[in-house]
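Peer 1: Sharing a structure, written as structure tokens. Questions coming.
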Amino acid sequence: KNEVEQSPQNLTAQEGEFITINCSYSVGISALHWLQQHPGGGIVSLFMLSSGKKKHGRLIATINIQEKHSSLHITASHPRDSAVYICAVRLNTGNQFYFGTGTSLTVIP
Amino acid sequence: EPEVTQTPSHQVTQMGQEVILRCVPISNHLYFYWYRQILGQKVEFLVSFYNNEISEKSEIFDDQFSVERPDGSNFTLKIRSTKLEDSAMYFCATGGSPRRNSPLHFGNGTRLTVT
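Heads up: the sequence lines are chains A and B, in that order. Here the first sequence is numbered in the numbering used here, starting from 259 and rising by one per residue. Here the second sequence is numbered in the numbering used here, starting from 23 and rising by one per residue.
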């Protein structure tokens with residue numbers, strides 16, 4: 259079973275472009291986590307959301323609980339944004355997170 | 023900024039051997055997790071640990087696996103009698119109370135290769 263679906267799987271953008279990565283889930287959740295995984299494998303937390311919208315620098319994350327959907331936006335993309343972006347959800351029924359397969363982003367200079 | 027520290031960064035072991043992966047959580051975190059990522063696949067939950075006991079575990083976390091916090095600082099994952107399919111990146115994550123929607127903080131991972 260796959261509780262979390264991300265799209266697109268792969269994304270290539272020109273430097274400066276506005277980027278959107280989508281995450282849909284099929285179950286009731288208490289929180290959604292956007293993470294960034296670097297080529298070396300390390301995972302960094304970007305946002306934790308349970309409602310609404312959060313912004314940090316050039317990154318914006320939104321969530322629509324009714325539609326079971328979240329988006330991660332990157333404004334003025336830069337080659338250093340190249341990474342895998344992962345959506346993970348915590349179900350209402352526990353504390354563990356279920357992870358999506360990630361979106362591999364490449365930003366070309 | 024405080025970090026979650028994992029050791030070793032790489033571990034190569036022969037099939038059937040036991041390995042212990044170590045994690046030093048962020049000091050004021052009380053919730054600890056182990057996740058694994060097989061090459062090319064998504065991150066999978068193994069186990070969560072709170073108040074010196076397992077709070078949740080996945081189907082993957084069978085009798086081959088165990089966790090403990092032996093000295094109040096290290097949080098360890100032991101894999102007994104390793105199999106080829108245990109080869110993966112193992113991530114430790116720690117966080118504050120889930121009720122407060124505290125984000126997870128991940129270590130850099132231990133890459134385990136079973137030969």
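Backbone N, C-alpha and C fix where the C-beta goes; we use that ideal spot for every residue, glycine too.
Please confirm if K64(B) has its CB atom under 7 Å from at least one CB of chain A.
Peer 2: yes
Peer 1: Check each residue of the region 320–345 of chain A: if its Cβ is closer than 9 Å to any Cβ of chain B, include it; give the result in chain order.
Peer 2: I344
Peer 1: Output needed for I301(A): all residues of its chain with C-beta closer than 6 Å, excluding positions within five of it in sequence on either side, in chain order.
Peer 2: L293 and Q295
Peer 1: For a contact defined as C-beta to C-beta under 7 Å, what are the partners of T359(A) on chain B?
Peer 2: K64
Peer 1: In angstroms with no decimal places, state the Cα-to-Cα distance between T116(B) and H51(B).
Peer 2: 6 Å
Peer 1: Determine the direct distance from the alpha carbon of N322(A) to that of A110(B), and round the result to whole angstroms.
Peer 2: 34 Å
Peer 1: So, is Q267(A) buried or exposed, given that buried needs 16 or more other C-beta atoms within 10 angstroms?
Peer 2: By the beta-carbon neighbour count (other beta carbons within 10 angstroms, threshold 16), Q267(A) is exposed.
Peer 1: Who are the Cβ neighbours of F276(A) in its own chain at under 6 Å, not counting the five residues just before and after it?
Peer 2: T333
Peer 1: Would DSSP call E107(B) helix, strand or coil?
Peer 2: Helix, per DSSP.
Peer 1: Closest to S335(A) by CA distance: which of L317(A), S309(A) and K312(A) is it?
Peer 2: L317(A)
Peer 1: Measuring CA to CA, which of T27(B), Y53(B) and S49(B) is closest to L43(B)?
Peer 2: T27(B)
Peer 1: Along the chain, which unbroken stretches of the beta strand (DSSP E) at least 3 residues long are found entirely within the region 52–98 of chain B?
Peer 2: 53–59, 66–72, 75–79 and 87–90
Peer 1: By the three-class DSSP mapping on this structure, what secondary structure does R348(A) have?
Peer 2: Residue state, collapsed to three classes: strand.
Peer 1: Cα separation between S70(B) and Q354(A)?
Peer 2: 7 Å
Peer 1: Under a CB-based cut-off of 7 Å, is E78(B) close to chain A?
Peer 2: Interface residue, yes.
Peer 1: So, with DSSP's three-state summary, where would you put R102(B)?
Peer 2: coil
Peer 1: Within 7 Å (strictly less), CB to CB, does Q294(A) reach chain B?
Peer 2: no
Peer 1: I'd like to know if G131(B) contacts chain A, where contact means its C-beta is closer than 7 Å to some C-beta of that chain.
Peer 2: yes
Peer 1: Cβ atoms of V34(B) and T135(B): under 7 Å apart, would you say?
Peer 2: yes
Peer 1: With a threshold of 16 other CB atoms inside 10 Å of the CB of Q36(B), please say whether the residue is buried or exposed.
Peer 2: exposed
Peer 1: Mind checking if S70(B) is an interface residue toward chain A, Cβ cutoff 7 Å exclusive?
Peer 2: yes
Peer 1: In or out: I60(B) buried (at least 16 other Cβ within 10 Å) or exposed?
Peer 2: exposed
Peer 1: Just to confirm my understanding: we take V89(B), look at its own chain, exclude 5 residues before and 5 after, and list those with CB closer than 6 Å. What are they?
Peer 2: V69, F71 and L99
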